[in-house]
Amino acid sequence: MAEYRASPFGLYSMSLFSQILQFLFSGLTVGSIYGMVALGFTIIYNATAIINLAQGEFVMLGGLIMFSLTVGAKLPLYVGFPLTILIVMAIGVLFERFAIHPLRNASLLTLIIITLAASTLFQGIAMFIWGKDPYTLPPFTSGGPVIISGAMIVPQTFWVLGTAMTIVILLGLFFEKTIVGKAMSACSFNPMAASLMGINVRKMVLLSFVLSAALGAVAGIMITPISLMEYHRGPVLAVKGFCAAVLGGLGIGYGAVIGGFIIGILESFTTALIYSGFKDAVALFILLFILCFKPSGIFGSEEVGKIKEF
Amino acid sequence: MKKSWIAFLTMVFCITLTQSVWAAYKIGFVAAITGPASWIGEPEKNTAVMLQEWINSARGISGVPVEILIEDSKGMEGDAVLATKKLIERDKVPIIIGSSTTGESMAMLPICERAETPMISMASALSIVTPEDEMKRMETSAQPWLEVAKKQRYWIFKVAEKDADNVEKIYMYCQAKKIKKVGIITVSSGYGVEGRRQLKRLARKYGIEIVADELYEMRDTDMTAQLTKIKASGAQAVINWSFGPAQVIVTKNWSDLGMRGKIPLIQSGAFGNKNNIKLAAGAAEGVIVVLQRAVFAEKVDPKNPQKPVLMKYKTEYEKRFKSDVSTFGGHAYDAIMMTTEALKAVGPDKKKIRDYLETKIRYWPGVGGMFNMSPSDHTGFGTDGMEMIEVVKGEWELAK
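Quick note, the sequences are listed as chains G and A, same order. Quick note on the numbering used here: the first sequence kicks off at 36 and runs consecutively. Quick note on the numbering used here: the second sequence kicks off at 3 and runs consecutively.
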C-alpha cells in the first residue's frame, strides 16, 4: 500500500448531517436485527404465554442450515430459502412434541425452563454439525453499500426491513382476521375456556411452535449476511430480541419491530453522543425506565397484561 | 472357590496394569475448547492431541509416556478455575498449561501460585506474567511509555506474544508510515481491555496521539456507529483490538464506510486465521495485521532458525486436521515442547520445572518466536516475533 500522507484534520471526516444520518442507519440496521428476532417471541407467547428462550437457536439454525444448503450444497436461493424454513419448522415440531407436549400440565415456569434447556441442547447439536467457526451468507443483492447524503447503508438492511414489515402485516392479518389466529390467541388467555369452545388447544400450541420456528429461520437467513452466524450466537440475539419484544409490548407484532428499532437507535446514539462503552447500559436503562411506568410495554394494554401470568 | 481366586488375581493384575499406564508424565492442559473462544481453544487442543502422539510414538520422555490431561474451560473464568483445581489436587499434575484467553488465565494464576505449580499461559496480556503492582508502577511512572517490566510472577509463564509488543510493532509501523493520529476500537473483554491499556500506555513513545477511543461487545452485530465516530475524529488509521466474528464485522463495516485507502485498518494478531479473510468476503483487502510467523511459514526467510520448526508444525497440523494452521495452536506447541524438555531434564518436580523454564529456555526456536526466558521476562520474546502483514488478494503478504 502506498504511503498514507498525513491527512489534514477533517479531510476524510464527514459533515455533521451525514454523521447523524450514519448513526441513524447504523441503529436501523441493528434494530432491524433485534426486531426480526423479537417477532419470533410474540407468536409462542400469544398462543401459550410461554417465553421461548430457545428462540435465538431457531435463528441460529436458520442461518446455519441456509449456509449448508446454499453455500455448501450450492442450491439456488429460491430453493434453499423455503427448504431451510421447512427444516427449522420440523425441528420446531420435534421440540414441541418431545419437550413441551409431554409436560403440558406442568406450570408455565417449568415450561420456560425447559425451553432454556432446549436452547443449550440445540447449541450443542449445532456445534457438532457445524463446528465452532462462524459462517456467512452472501447478501441477497450484490453490489456495495448504498450512499445517502454521505451516509452508508448496506442493501441487506433493506431486505431485513422489508421482511420484518411483511411479517408484521401478515401476522396482524392472521391474528385478527382468521379463525385459526383468533383461536390461537384465545388459548393463551384461558386454555380451559378455549377448549370448552371447541378449540383444540394442543394443536394450537404445536402450530405456534411451528410458526415461530419458521419466523426464527427467516430472521436467521436475513441477518446472517450482516452479522455472521455461529453456533453460540442464539442467546445474545434472544436477549436483545426479548428486550425489544418486552419494550414494544409482549405479543404485539409491530410492537416487537418498533421495540427493536428503539433499542438499536438508542445504542447507536449513545455511542455517538456519550460513549460506546455505555451503549448497552443506556439502552437497558431506558428499557427499565419505560417498563417502570408502563409495565406492559409501549403498545401493550394494561388489561391484557393482568390476565396473563407473565 | 477356585473361580473367585482367579477373578481376584485378574483384578489385581488389571489394577497393576492400569497403574503402570498411569505412571506417565502428566501435563495439565486447560483450553477454551467450546464456548465463545473455541476457535482459539480448538487448534490448541488439536495440537495437544497431535503432540502427545508424536512424543509417545517416539518412546515418550526417556521411555516414560506422556499423558496430556485436556480440560475444557468453555471460555469461562469459573470453569477454568475448577479445571485447574481438579488437575492440581486430584490429578497431581506438576505443571498447568492454559488457558486460551487472558481472562481465564488471570483467574487461574492465583490458584497455581498458591499451589506452587508452574503455569504456562497461552494468552497474550502482559499482566498475566507481570504482577499488578509492577503494572501500576509502569503505568504511573513519569514516562509510562518508556517502561518495561522488571518483575515477573514467580510461577507464571506465557508463550503467546505480549500484547505490549504487538502494540509496539503496530506503532513502529505507524511511525514509518508517518501516521500520527490513530483511532482505537476495542472489544470490552479481557483481551480487548488489556490491549487498550497497552495502546494507551505506549502511544507517546512513538509520537502517536489517540484521537478516538471506542468500545463494543464481543457479540455486537454492527460497529458502524463507532467507526463513524473514528472517521470524524481525524484519525489517520484505525486500530482494532478484538477477536472472533466481531473482528470480521469491524472489517466489513470499515470497508462499507469507504475507509479503505484513506484510513487503513490495523488488526490485532487474533485476525491471523484465513477463515476471517474468507468471511469478510473481499472486505479484508488492504487490512494490516500484526502476526506471528506460523500462518505464513512458507514466506519466512530460510535463514530464520524458526523456519524448520514452523514448517514441520504447519505441514503436520494441516495434514492431520485438514484445516489451516493458526498462531494459537502454535502457542500450545511451544508450551508443550518446553514442558517436555523440562520434564526430560528434571523430572516431574514443580520447583525444578519452574527453574528450568526460567533459566534453560535460551535461544529456543519455537513456533511463536526465539524464546529467551529470564527472571525479568517470562514471555521470552519481543517485537522480533512478529511481522506486519497485509491482506493482498486474500493472501497474507509482508506489508511494505
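Note that the Cβ used here is the ideal one computed from N, Cα and C, for glycine as well.
Which class does residue i belong to by DSSP, given the choice of helix, strand or coil?
i: residue 120 (chain A); result: coil
i: residue 322 (chain G); result: helix
i: residue 181 (chain G); result: strand
i: residue 327 (chain G); result: helix
i: residue 141 (chain G); result: coil
i: residue 324 (chain A); result: coil
i: residue 376 (chain A); result: strand
i: residue 44 (chain G); result: Low confidence applies to residue 44 (chain G): its pLDDT is 38, below 50, so where it sits in the model is not reliable, and the reading given next is rough at best. Three-state result, residue 44 (chain G): coil.
i: residue 170 (chain A); result: helix
i: residue 58 (chain A); result: helix
i: residue 225 (chain A); result: coil
i: residue 110 (chain G); result: coil
i: residue 99 (chain A); result: strand
i: residue 194 (chain G); result: helix
i: residue 258 (chain G); result: helix
i: residue 160 (chain A); result: strand
i: residue 339 (chain A); result: helix
i: residue 86 (chain G); result: coil
i: residue 367 (chain A); result: strand
My understanding is that residue i touches residue j, with C-beta atoms under 8 Å, so please give their C-beta distance in whole angstroms.
i: residue 243 (chain G); j: residue 83 (chain G); result: 6 Å
i: residue 186 (chain A); j: residue 212 (chain A); result: 6 Å
i: residue 390 (chain A); j: residue 292 (chain A); result: 6 Å
i: residue 111 (chain A); j: residue 130 (chain A); result: 7 Å
i: residue 75 (chain G); j: residue 90 (chain G); result: 5 Å
i: residue 184 (chain A); j: residue 241 (chain A); result: 6 Å
i: residue 251 (chain A); j: residue 215 (chain A); result: That pair is no contact at about 19 Å.
i: residue 97 (chain A); j: residue 29 (chain A); result: 6 Å
i: residue 188 (chain G); j: residue 304 (chain G); result: Rounded, the Cβ-Cβ distance is 16 Å, inconsistent with contact.
i: residue 153 (chain A); j: residue 170 (chain A); result: Not confirmed; about 20 Å, so no contact.
i: residue 279 (chain A); j: residue 239 (chain A); result: With 8 Å as the limit, residue 279 (chain A) and residue 239 (chain A) do not qualify as a contact, their Cβ atoms being about 20 Å apart.
i: residue 337 (chain A); j: residue 70 (chain A); result: With 8 Å as the limit, residue 337 (chain A) and residue 70 (chain A) do not qualify as a contact, their Cβ atoms being about 11 Å apart.
i: residue 196 (chain G); j: residue 101 (chain G); result: Not quite, the Cβ-Cβ distance comes to about 19 Å (not below 8 Å), so this is no contact.
Where do the ends of the alpha helix (DSSP H) carrying residue i lie?
i: residue 215 (chain A); result: No alpha helix (DSSP H) contains residue 215 (chain A), which is instead part of the beta strand (DSSP E) from 211-218.
i: residue 140 (chain A); result: 134-142
i: residue 221 (chain G); result: 214-224
Just tell me which of the options has its CA closest to the CA of residue i.
i: residue 122 (chain G); options: G:182, G:207, G:252; result: G:252
i: residue 37 (chain A); options: A:76, A:295, A:290, A:120; result: A:76
i: residue 130 (chain G); options: G:147, G:116, G:118, G:117; result: G:147
i: residue 235 (chain G); options: G:224, G:250, G:182, G:218; result: G:218
i: residue 306 (chain G); options: A:102, A:397, A:221, A:232; result: A:232
i: residue 294 (chain G); options: G:162, G:287, G:282; result: G:282
i: residue 399 (chain A); options: A:282, A:382, A:344, A:297; result: A:297
i: residue 31 (chain A); options: A:41, A:230, A:240, A:51; result: A:51
i: residue 127 (chain G); options: G:241, G:98, G:141, G:73; result: G:241
i: residue 314 (chain A); options: A:49, A:277, A:124; result: A:49
i: residue 380 (chain A); options: A:173, A:248, A:163; result: A:163
i: residue 122 (chain A); options: A:382, A:396, A:397; result: A:382
i: residue 161 (chain G); options: G:195, G:140, G:264; result: G:264
i: residue 193 (chain A); options: A:271, A:132, A:367; result: A:271
i: residue 150 (chain A); options: A:86, A:384, A:80, A:261; result: A:384
i: residue 322 (chain A); options: A:55, A:41, A:25; result: A:55
i: residue 312 (chain G); options: A:273, A:227, A:266; result: A:227
i: residue 284 (chain G); options: G:255, G:165, G:77; result: G:77
i: residue 292 (chain G); options: G:54, G:58, G:69, G:300; result: G:69
Go ahead and label residue i buried or exposed: buried means 16 or more other beta carbons lie within 10 angstroms of its beta carbon, across all protein chains shown.
i: residue 170 (chain G); result: buried
i: residue 144 (chain A); result: exposed
i: residue 87 (chain G); result: buried
i: residue 375 (chain A); result: buried
i: residue 114 (chain G); result: exposed
i: residue 275 (chain A); result: buried
i: residue 73 (chain A); result: buried
i: residue 225 (chain G); result: exposed
i: residue 219 (chain A); result: buried
i: residue 184 (chain G); result: exposed
i: residue 257 (chain A); result: buried
i: residue 104 (chain A); result: buried
Which residue marks the beginning of the beta strand (DSSP E) containing residue i, and which one marks its end?
i: residue 188 (chain A); result: 183-189
i: residue 90 (chain G); result: Residue 90 (chain G) -> not in any beta strand (DSSP E); alpha helix (DSSP H) instead, spanning 90-101.
i: residue 74 (chain A); result: 68-74
i: residue 186 (chain G); result: 186-188
i: residue 30 (chain A); result: 27-33
i: residue 265 (chain G); result: Unbroken run through residue 265 (chain G): none, as it is neither H nor E.
Is residue i near the ligand ADP, with its Cβ less than 8 Å from a heavy atom?
i: residue 320 (chain A); result: Ligands in the displayed structure: none, and consequently the ligand ADP is not present.
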